[in-house]
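Let me begin by presenting the structure, written as structure tokens, before commenting on it.
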Amino acid sequence: MPSLSPDTRPEPVGPVDGQVSPRYAGLTTFARLPRIEDVPRYDVAIAGAPFDAGVTYRPGARFGPSAIREASRLLRPYNPRLDVMPFRDQQVVDAGDLPCNPFDITRAAKEIEESAHALIRDGARLITLGGDHSIAYPLLRAMHRVHGPVALVHFDAHLDTWDTYYDTPLTHGTPFRRAAEEGLFRPDASAHVGIRGSLYDPADLTDDAELGFRIFHCADFETMTVADVVGQLRETIGDAPLYLSVDIDVLDPAHAPATGTPEAGGLTSRELLGIVRGLKGLDLVGADVVEVAPAYDHADITSVAAANLAYEYVSLCARTPR
Ligand code: MN
Ligand code: MN
1 MPSLSPDTRP
11 EPVGPVDGQV
21 SPRYAGLTTF
31 ARLPRIEDVP
41 RYDVAIAGAP
51 FDAGVTYRPG
61 ARFGPSAIRE
71 ASRLLRPYNP
81 RLDVMPFRDQ
91 QVVDAGDLPC
101 NPFDITRAAK
111 EIEESAHALI
121 RDGARLITLG
131 GDHSIAYPLL
141 RAMHRVHGPV
151 ALVHFDAHLD
161 TWDTYYDTPL
171 THGTPFRRAA
181 EEGLFRPDAS
191 AHVGIRGSLY
201 DPADLTDDAE
211 LGFRIFHCAD
221 FETMTVADVV
231 GQLRETIGDA
241 PLYLSVDIDV
251 LDPAHAPATG
261 TPEAGGLTSR
271 ELLGIVRGLK
281 GLDLVGADVV
291 EVAPAYDHAD
301 ITSVAAANLA
311 YEYVSLCART
321 PR
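By the working numbering, the letter at position 2 of the sequence shown is numbered 2, and the numbering carries on one by one without gaps.
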């Protein structure tokens, strides 16, 4: 990506105009945006990571990127809640799917890290559509190579800081322990949001606490408002470069049935979108939405939620140009 001063940059190429070609027509890129090879430069790349060999229960998140892209056809150009035209004020592209070996998790992680790094090394932001949550580890490695340790806000029903599953160090239940061991995020500026459900042992919580995350349990939402959570998150993050990792199972199964390890008693999609919008103005460098497994969906509930979440990510980027 050539580095051009803002006044010599070409006008961003936006999505196909939904007033000219109806949104259900034509080829499927995210929000019908141009492909990365169609434009000379970009500010934000959206990529799929169709990998799901790291799951512990239901498989199927390898089909997440294509389902989220299909659901993203619904998106319109203006975001009224953030008062921004996210595809006009910056160049957003669909970078296709990152290479990831479907059988060898170590090799897939390396491929994801290298291809993600190639997309962001010149300063662009990356939004990744998973894939299972194991992809967050190579993505954080790529982020660390460019930005150093990031503030990590992790939305999930699950902690994802277990050590191993069946003696395997990289799975969708372990990415943030591997990331902590390598110092990829700032423990003092990081948080889990939406934790709930049954655990294996009380030590799951105490082992996690040693890694430094602030935790907002789903039960905390019985007494805290979305605005309370946003306020405390902003205090925690400060001015650190921010990475958002959202496991769609943070939503209640009523709002996201299509996922690998559903847990009752989750957030509503309104609460999740509200919290993410509340992070406007922070230095967002990258984000992912993972664990959408469309074979278990009904009427695209889950992929519509994920597509709208990715739209909020792009909108946050437009609010705060780097
Ligand atoms: Mn989860
Ligand atoms: Mn997860």
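A virtual CB, placed ideally from N, CA and C, is assigned to each residue, including glycine.
- prompt: From what residue to what residue does the beta strand (DSSP E) around ASP97 run?
  reply: Counting from 1 along the sequence shown, the entry for residue 97 is found at position 97. Segment 92-97, the beta strand (DSSP E) holding ASP97.
task: Give me the Cα-Cα distance between ASP89 and PRO40, rounded to the nearest whole angstrom.
output: Your numbering for residue 89 matches position 89 in the sequence shown. Your numbering for residue 40 matches position 40 in the sequence shown. When rounded, the distance between both Cα atoms is 16 Å.
message: Quick check on the burial criterion: 16 or more other C-beta atoms within 10 angstroms. Buried or exposed for SER269?
response: Looking up residue 269 in the sequence shown gives position 269. Answer is buried; the Cβ neighbour count reaches 16.
task: Would you kindly report the start and end of the unbroken alpha helix (DSSP H) that includes ILE301?
output: For this step, residue 301 is matched to residue 301 along the sequence shown. Note, ILE301: alpha helix (DSSP H), 301-319.
- request: Pull up the CB-CB distance for ALA136 and PRO175, whole angstroms please, since I reckon it's below 8 Å.
  value: Here residue 136 refers to the residue found at position 136 of the sequence shown. Here residue 175 refers to the residue found at position 175 of the sequence shown. About 4 Å separates the two Cβ atoms, so the contact holds.
- prompt: Where does the unbroken alpha helix (DSSP H) through HIS298 begin, and where does it stop?
  reply: For this step, residue 298 is matched to residue 298 along the sequence shown. From DSSP, HIS298 is part of no alpha helix (DSSP H); its letter is neither H nor E.
message: Let me check understanding here. Comparing Cα to Cα, which of ARG196, ARG9, ILE120 and THR302 lies closest to PHE221?
response: The sequence position of residue 221 within the sequence shown is 221, counting from 1. For PHE221, the nearest C-alpha among the options comes from ARG196.
message: Taking 6 Å as the limit between beta carbons, can you name the residues of its chain near ARG81, skipping five residues before and five after?
response: For the purposes of this step, residue 81 is taken as residue 81 along the sequence shown, with counting starting at 1. Excluding sequence neighbours, ARG81 sits near ARG277.
- prompt: If we count the other Cβ atoms within 10 Å of its Cβ and call it buried at 16 or more, is ALA179 buried or exposed?
  reply: Looking up residue 179 in the sequence shown gives position 179. Buried, by the Cβ-count rule.
Simplified DSSP assignment, three categories, for THR168: Position 168 of the sequence shown, counting from 1, holds the residue named residue 168. DSSP, read as helix, strand or coil, puts THR168 in strand.
- request: Measuring alpha carbon to alpha carbon, tell me which of GLN232, ILE36, GLY238 and GLY183 ends up nearest GLY48.
  value: Here residue 48 refers to the residue found at position 48 when the sequence shown is read from its first residue. Checked all of GLN232, ILE36, GLY238 and GLY183; the closest Cα to GLY48 is ILE36.
query: Comparing alpha-carbon positions, which option in ALA307, GLU114 and ARG186 lies nearest GLU210?
result: Position 210 of the sequence shown, counted from the start, is the residue given in the question as residue 210. Considering only alpha carbons, the answer is ARG186.
field: Chain-order list of residues whose beta-carbon lies under 7 Å from that of GLU114 (same chain, five-residue window excluded)
entry: Numbered from its first residue, the sequence shown carries residue 114 at position 114. Cβ within range, chain order: n/a, list empty.
- request: For LEU27, count neighbouring Cβ atoms within 10 angstroms of its own Cβ and tell me buried if that reaches 16, exposed if not.
  value: Here the question's residue 27 lines up with position 27 in the sequence shown. By the Cβ neighbour-count rule, LEU27 is exposed, with fewer than 16 other Cβ atoms within 10 Å of its own.
- prompt: Taking 7 Å as the CB-CB limit, is PHE103 close to chain B?
  reply: This model lacks chain B altogether; it includes just one protein chain.
query: Can you tell me the Cα-Cα spacing of ALA157 and LEU273, whole angstroms?
result: Counting from one through the sequence shown, the residue named residue 157 turns up at place 157. Counting from one through the sequence shown, the residue named residue 273 turns up at place 273. Within the model, the alpha-carbon separation for ALA157 versus LEU273 is close to 16 Å.
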